[in-house]
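>
Residue numbers (the working numbering): 53 to 281.
1) Pull the bridge partners of residue 226 from the DSSP assignment, please.
2) Please name the residue or residues paired with residue 129 in a DSSP beta bridge.
3) Does residue 103 come out as helix, strand or coil in the three-state DSSP assignment?
4) If we count the other Cβ atoms within 10 Å of its Cβ and call it buried at 16 or more, is residue 261 buried or exposed?
5) Enumerate in chain order the residues of its own chain whose CB-to-CB distance from residue 127 is below 7 angstroms, with the five nearest sequence positions on each side excluded.
6) Is the region 216-235 touching the region 266-276, taking contact as three or more C-beta pairs under 8 angstroms?
7) Classify residue 231 as helix, strand or coil using the three-state DSSP reduction.
8) Leaving out five residues before and five after residue 256 in sequence, what residues of the same chain have Cβ atoms less than 6 angstroms from its Cβ?
9) Quick check on residue 241: does DSSP put it in helix, strand or coil?
10) DSSP state of residue 270, grouped into three classes?
11) What do you get for residue 132, buried or exposed, if any count of 16 or more other CB atoms within 10 angstroms of its CB means buried?
12) For a quick check, are the C-beta atoms of residue 258 and residue 241 less than 7 angstroms apart?
13) Mapping DSSP to helix, strand and coil, what is residue 149?
14) With distance defined between alpha-carbon atoms, name the residue in 66, 109, 99 nearest to residue 83.
15) For residue 138 versus residue 161, is the C-beta distance shorter than 7 angstroms?
16) For residue 247, count neighbouring C-beta atoms within 10 Å of its own C-beta (all shown protein chains included) and say buried if the count is 16 or more, exposed if not.
17) Could you give the distance in angstroms between the alpha-carbon of residue 267 and the alpha-carbon of residue 121?
18) My understanding is that residue 101 touches residue 129, with C-beta atoms under 8 angstroms, so please give their C-beta distance in whole angstroms.
19) Less than 8 angstroms between C-beta atoms, sequence neighbours within five positions excluded: which residues of the same chain meet that for residue 236?
20) Starting from residue 260, trace the beta strand (DSSP E) in both directions and tell me its first and last residue.
21) Among 145, 118, 135, 147, which one has its Cα closest to the Cα of residue 166?
22) Contact check, residue 275 vs residue 222 under 8 angstroms by CB: the rounded distance?
23) Who pairs with residue 248 in a beta bridge, going by DSSP?
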């Protein structure tokens, strides 16, 4: 697959165009600069597409693809790149202090990512491309697969909310999410305000995010609903 080079418009040729002939050098430089700035982002995106297509050539058998299938492959690559970008945006949003605007934004981003994953799956089914297998790949595939599963499981575990219950009355006090849940210095302290016949429970619950993380996401995992464990 040949890589298409994208070049910036020639400054000399542009200077000789009718619409620019009467401009001063300063005015023309300003116009040209704006044109270059507008072209650069699309060039950068095109470079990412070309790189991703090259990776597909190495890992997948594309010999049987028809000419019109290449458009579908390009759409698949664009969707994958967009998904990668949205993952970065989602990570940054989740790192911010929680607010109503933040929650709404995260919900919208996750919806877009879900649609992109659906598009990617659809494109892959349409293309029906299969991976190339090399001897070295076969020898390491099982080990790599297991390591990949471990990494994904760890990432999923770290991304879950943690549930904190009152040890006295078993009331759910709070659900929290921590960017670094395994950090032992993250200490949480809550007072249970569940109404009782004599006033309120008043029990003080103190726990670290590391304890919650290592205990399955809760200080009392036995109190969590099955679907949350």
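We put the beta carbon where it would ideally sit given N, CA and C, even for glycine.
Taking the structure as given:
1) As a first step, residue 226 must be located in the chain shown, where it is residue number 174. As a beta-bridge residue in DSSP terms, residue 226 pairs with 216.
2) Mapped onto the chain shown, residue 129 falls at position 77. Assignment of beta-bridge partners to residue 129 by DSSP yields no partner.
3) Indexing the chain shown from 1 puts residue 103 at position 51. Residue 103: helix per DSSP, three-state reduction.
4) Walking along the chain shown from the start, residue 261 turns up at place 209. A buried status is given to residue 261, since no fewer than 16 other beta-carbon atoms sit within 10 Å of its beta-carbon.
5) To locate residue 127, count along the chain shown from 1; it is residue 75. Closer than 7 angstroms at the Cβ level, and outside the excluded window around residue 127, lie 175.
6) Contact check between the region 216-235 and the region 266-276: three or more CB pairs, one atom from each, fall below 8 angstroms, which counts as touching.
7) One-based indexing of the chain shown puts residue 231 at position 179. Three-state result, residue 231: coil.
8) What you label residue 256 is simply residue 204 of the chain shown in a count that begins at 1. Spatial neighbours of residue 256 in its own chain (CB-CB distance under 6 angstroms, excluding positions within 5 residues in sequence) are listed in chain order as 243.
9) The sequence position of residue 241 within the chain shown is 189, counting from 1. Here residue 241 carries a strand assignment [DSSP, helix/strand/coil].
10) One-based indexing of the chain shown puts residue 270 at position 218. In the three-state reduction of the DSSP assignment, residue 270 falls in the strand class.
11) Along the chain shown, read from residue 1 onward, the residue named residue 132 stands at position 80. Counting Cβ neighbours within 10 Å, residue 132 comes out buried, since at least 16 surround it.
12) Counting from 1 along the chain shown, the entry for residue 258 is found at position 206. Counting from 1 along the chain shown, the entry for residue 241 is found at position 189. Result yes, Cβ atoms of residue 258 and residue 241 sit closer than 7 angstroms.
13) The residue you call residue 149 lines up with position 97 of the chain shown. Coil at residue 149, not helix or strand.
14) Within the chain shown, the letter at position 31 stands for residue 83. Distances from the CA of residue 83 to each of 66, 109, 99 were compared; the closest alpha carbon is that of 66.
15) Position 86 of the chain shown holds residue 138. Position 109 of the chain shown holds residue 161. For residue 138 and residue 161, yes; Cβs fall inside 7 angstroms.
16) Within the chain shown, the letter at position 195 stands for residue 247. The residue is exposed, with fewer than 16 neighbouring Cβ atoms inside 10 Å.
17) The residue labelled residue 267 in the question sits at position 215 within the chain shown. The residue labelled residue 121 in the question sits at position 69 within the chain shown. Those two C-alpha atoms are separated by around 49 angstroms.
18) On the chain shown, position 49 is the one that residue 101 refers to. On the chain shown, position 77 is the one that residue 129 refers to. Their Cβ separation, rounded to whole angstroms, is 5 angstroms, which keeps residue 101 and residue 129 in contact under 8 angstroms.
19) Within the chain shown, the letter at position 184 stands for residue 236. Cβ within range, chain order: 260, 262.
20) Within the chain shown, residue 260 is the residue found at index 208, counting from 1. Unbroken beta strand (DSSP E) run through residue 260: 256-260.
21) Indexing the chain shown from 1 puts residue 166 at position 114. If we check each option's Cα against that of residue 166, 135 comes out closest.
22) If you number the chain shown from 1, residue 275 lands on position 223. If you number the chain shown from 1, residue 222 lands on position 170. About 6 angstroms separates the beta carbon of residue 275 from that of residue 222, a gap short enough to meet the 8 angstroms contact definition.
23) For the purposes of this step, residue 248 is identified with residue 196 of the chain shown, where counting begins at 1. The partner list for residue 248 (beta bridge, DSSP) reads 251.
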